[in-house]
Structure formats: C-alpha cells, structure tokens
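Heads up: the protein sequence lines correspond to chains W and R, in order.
Per the working numbering, the very first residue in the first sequence carries number 433; after that it's consecutive.
Per the working numbering, the very first residue in the second sequence carries number -9; after that it's consecutive.
C-beta: ideal position from N, C-alpha, C; glycine also.
One structure below.
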Amino acid sequence: MGSTAIPTGTKWWSGGKSPFNVSYGKVMMWYFLMSDAFTFGAFLISYGTIRFSVNNWADPNKVFNSFPFAGHANLPLAFVSLMTFILIFSSVTMVLAVHEGHQMNKKGVEKYMILTIIGGAAFLGCQAWEWTHLLTGEHVALLNDGTLSVLPTTVKMNPWGEALSHSEMVNALQKTSHEQLVAIANTLHHGAENAHHAAASLTNQELINQIASSEIHATHTGPIAFGGYFFGITGFHGFHVLSGVVINIIMYIKTKLGHFEQRGHYEMIEKAGLYWHFVDLVWVFVFLCFYLV
Amino acid sequence: MSAQHYENPEITFQPDHSGGTKKIWKIFWVLSALTIVELALGYFLYAKDGQLGNAAVLTTKIVIGILTLAKAYYIVSVFMHLGDEVRNLIMTIVVPLVLFVWFIIAFLADGESWKNLRNTRGKSRTYQTEEVSKGAVESHK
C-alpha cells in the first residue's frame, strides 16, 4: 500500500505516516484509556490506603452475600460472580463483532453488537439490584451514643463493624428509644403487617426481651469510608458501562444504516470495542479489590 | 466477503485478521478458568476465616492478585489486540503503567503506617475497636 496514490483531503498524522502504523483515532483511544486507567488506579489505590489504615474494614463476604429472590440465604461471592461472567461474556461477543467487522460481514457485526448491548444492560441491571439491596438494607448497629439503630449501607452509614457480644447488645437495648426498639423488632419478622402493629403496642421491656432472645446479629458501626469508596468506584465503573452501552447502541445503528460498509472498514467498531474491553478490564480489578480480598 | 481495507496511506501494515474465532473462544475459557480459580480461593478464605495465619491469608490474596493480572494481560493482549500492534505503541502504553508498582507499594505502606499510629493513641477515633494496652498509651504521653 506504500505506493498507493494519496487521495486529496487525507487527514495526515503530521509527517505523512503513522508512527505506530495505526490510525490516529485508535492511538488516541489507547491514550484516553491509559489516562482512564490512571484515574481508576488512583481511586482503587486511595481505597486500598484507607482500608489498610483501619483495623476493621467491612468483610465483603458479609456485605455481599445475597442473591435476587434468594431471601436471606447466605451466598457470599455468588451474585458478583454472575456479574463478572456477564461482563466477560459481553467482552467475548464484542471481540467477535470486531472479528466480523474485519471480515466485512455486516449481519455478523449487527448480531454480536446486539448481544454485547444485552450483556451490558444485564450487568447494569445487576448493579442496580445490588445498590438497591445495600441502600435499603436493614442492619442493627450500635451508634456512638450507645443506642442501637437500624441502618442501611450508604455513603454516610456503615453497619458492617465487629459483631456485638450478647451482653453489649442487652446493655445497648436498655438505652435505645421505643421507636428504635420497634424498628429493630420489625426487622425480625419481615413483611408481616400484623406483627408490625403488634410491635408498636408492646412495652420497651417486652421488646427488649423479644429482641434479646432472637437470633439478631447486631454489630458495631464500621469505617464510614466504606460506602463512599464502594458506591463511588462501582458507580464510576457503572457509569463507564452505561456510556459503553450507549456507544455500542450508536455503533449498532450506524452498522445497521450501512455507514461502515460504505466506508469500507469497521474501524469504529474496533474503537468502541477497545472502550468496552477496558470497562471489562476495570471490573476485573474492582472485583478483586472490593469482593475477593 | 472481502477483507476490509483502510483507505489510509498513513498505514502501511495490517495485522493478519484472516484467522478464525478459535483463539477468541480459547481466551474466553482461559478467563473463565482463572475467574473460577479466583473464586475458589475466595471461598477458601471465607471457609477458613479466622483459622489461617496472617501469612497464609496474605499469600492467598497475593495469588488472587497475580491471577487478576493474568486476566488483565489476556484481555489487553488478545481482546484489545494490543499484542498485534507495533512494539513502540505497546511500550508507550505499558511503560507508564509501571508507575503503579510504586504507587501501590508507597500508598499501601502509608495506610499501614497510619493504622499503626492510630492504634497507639487510644480511642481517639470512633471506629477504632481494637483494645489498646494502657501501657502503650501511657508511654506515649
């Protein structure tokens, strides 16, 4: 191709030849991804630093142990494994779309782009469920004022500290207000409306006896930074997934309209693919840092 | 179907894309296998929680970390086709990332150091739950 006549209007990499024998767009996508890798790396290292600096970080096997429609079953690592495999599989369909693009097979590109988009949407759905589960969770935790309260996991609240001993819990229950005692008692019987009304009419001592004799797991509060790092980093990653899905949808439409066929190459699919694989790559590290270790 | 060609005189080289999808599926199985091993080690840590020494836990976590790096290598090299690019391009992307080695060592050591400082200064932080010996607090005053 070196001897090909140069068409007018060619946008040159200055110098007339790509230094890396790839197009300008692809090189810049690589450099963007490298800078994004530094952003994610900085977030994850900051998270690691704070995690190393406290004695009791939240135990991922306790925080992430639920699965949709499995009730209160203890299933550590299960749901996040599903999310990981969804993302790996959507990465495979993306690379297959790129492969079909190299063969100039429009139908193949369309098919695999659709599968990739579905994979991305499935991942986002999983993440939405996980966030909702944490943000609406009910965990009995000891506050600084010595009373017990029902807490979710948010950027300001972390109920995932060390477990309270039975005597610690009984002491704290004596100081806890009637309102909070009712709320704690209500976590014992989920969804039973009658029980909720019944709890409100009990005396404090009756509630304390009920709670103390139950199998409730009360904990100290954990480091407050946990929620901020978890929601911040998985949110930043989720936003990358979301924008990746949007980019993939645009690429699908452009394929469908035949833009790339007219152009003679499917390089845009390759560039979208680079971004999509990067999202998978980051998840590999988020999975490591938040869930596995 | 004829293979695509870039109408771009700046690019004089095209990687060979005529191969099938065999390699892609092979890497898919490699990534899946690595993930399953990671999960198995994760469950091992969970099942043996409290029974393993610090060194054993740390070793397992480092092994999981190495497996993660292997996954990253396969994704970048094969799925992102960086392995097919010109060596100079690979180097301009990979070499700056070597900075992470030092970032990780320096910052995690800092975190560890903060923890040690905090633990000898009594219960000045609300989330500090580890008992500090009276002697340590006294000697610090």
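- Per DSSP, reduced to three states, the secondary structure at L583(W) is strand.
- By the neighbour-count definition (other C-beta atoms within 10 Å, threshold 16), A99(R) is an exposed residue.
- Interface criterion met: the Cβ of A469(W) is under 8 Å from a Cβ in chain R.
- Taking 8 Å as the cut-off, the beta carbon of V527(W) is found closer than this to the beta carbon of I14(R).
- Partner residues in the beta bridge of H652(W), as assigned by DSSP, are L574(W).
- The beta carbon of I54(R) is closer than 6 Å to those of E28 and L31 in its chain, skipping five residues each way along the sequence.
- Between I477(W) and I94(R), the gap from beta carbon to beta carbon is short of 8 Å.
- The stretch 693 to 702 of chain W makes no contact with the stretch 502 to 517 of chain W; the number of CB pairs closer than 8 Å stays below 3.
- Chain-ordered, the chain W residues with CB closer than 8 Å to the CB of N109(R) read N487.
- Taken atom to atom, the span from the alpha-carbon of G654(W) to that of M81(R) is near 43 Å.
- With fewer than 16 neighbouring CB atoms inside 10 Å of its own CB, H649(W) falls in the exposed class.
- Contact between the stretch 573 to 584 of chain W and the stretch 604 to 621 of chain W is established, with three or more Cβ pairs separated by less than 8 Å.
- In this structure, T585(W) is the residue among G676(W), Q535(W) and T585(W) with its C-alpha nearest to the C-alpha of A657(W).
- If only uninterrupted alpha helix (DSSP H) runs of at least 4 residues are considered, those enclosed by the stretch 14 to 88 of chain R are 44 to 64 and 77 to 87.
- G667(W) counts as exposed, since fewer than 16 other C-beta atoms from the protein chains shown sit within 10 angstroms of its C-beta.
- Looking at the DSSP output, A99(R) bridges to nothing.
- Looking at the DSSP output, A595(W) shares a beta bridge with T651(W).
- Residues K458, M461, W462 and L465 of the same chain have their beta carbon placed closer than 8 Å to that of L706(W), with the five preceding and five following residues left out of the count.
- Rounded to the nearest whole angstrom, the C-alpha separation of S597(W) and L574(W) is 11 Å.
- Distance from the CA atom of Y36(R) to the CA atom of V47(R), rounded to whole angstroms, is 10 Å.
- Flagged as an interface residue toward chain W: Y36(R), by a C-beta distance shorter than 8 Å.
- At the C-beta level, V495(W) and W592(W) come within 8 Å of one another.
- Between W715(W) and N680(W), the C-beta gap is not smaller than 8 Å, which leaves the two residues out of contact.
- One finds F452, N453 and V454 in chain W with Cβ atoms closer than 8 Å to the Cβ of V76(R), taken in chain order.
- A distance below 6 Å between beta-carbons, with the five flanking residues on each side excluded, links E75(R) to no residue of its chain.
- In the three-state reduction of the DSSP assignment, L507(W) falls in the coil class.
- A Cβ-Cβ separation of about 6 Å places G552(W) in contact with G676(W) under the 8 Å criterion.
- With a cut-off of 8 Å on Cβ pairs, the stretch 515 to 533 of chain W is in contact with the stretch 541 to 551 of chain W, counting three or more such pairs.
- Collapsing the DSSP output to three states places L613(W) in a helix.
- Judged by DSSP secondary structure, W462(W) falls within the alpha helix (DSSP H) whose first and last residues are Y456 to F484.
- For a Cβ distance threshold of 7 Å, residue set L29 of chain R lies close to S513(W), ordered along the chain.
- As the crow flies, the alpha-carbon of K61(R) is around 15 Å from that of L724(W).
- With a cutoff of 8 Å on beta-carbon distance, F663(W) and V587(W) are scored as near each other.
- Close to chain R, meaning a Cβ-Cβ distance shorter than 8 Å, are the following residues of the stretch 642 to 676 of chain W: H652, T653, G654, P655 and I656.
- In this structure, the CA atom of Q642(W) is about 24 Å from the CA atom of T568(W).
- Taken in chain order, the members of the stretch 519 to 531 of chain W whose beta-carbon sits within less than 7 Å of a beta-carbon on chain R are I520, S523, V524, V527, L528 and H531.
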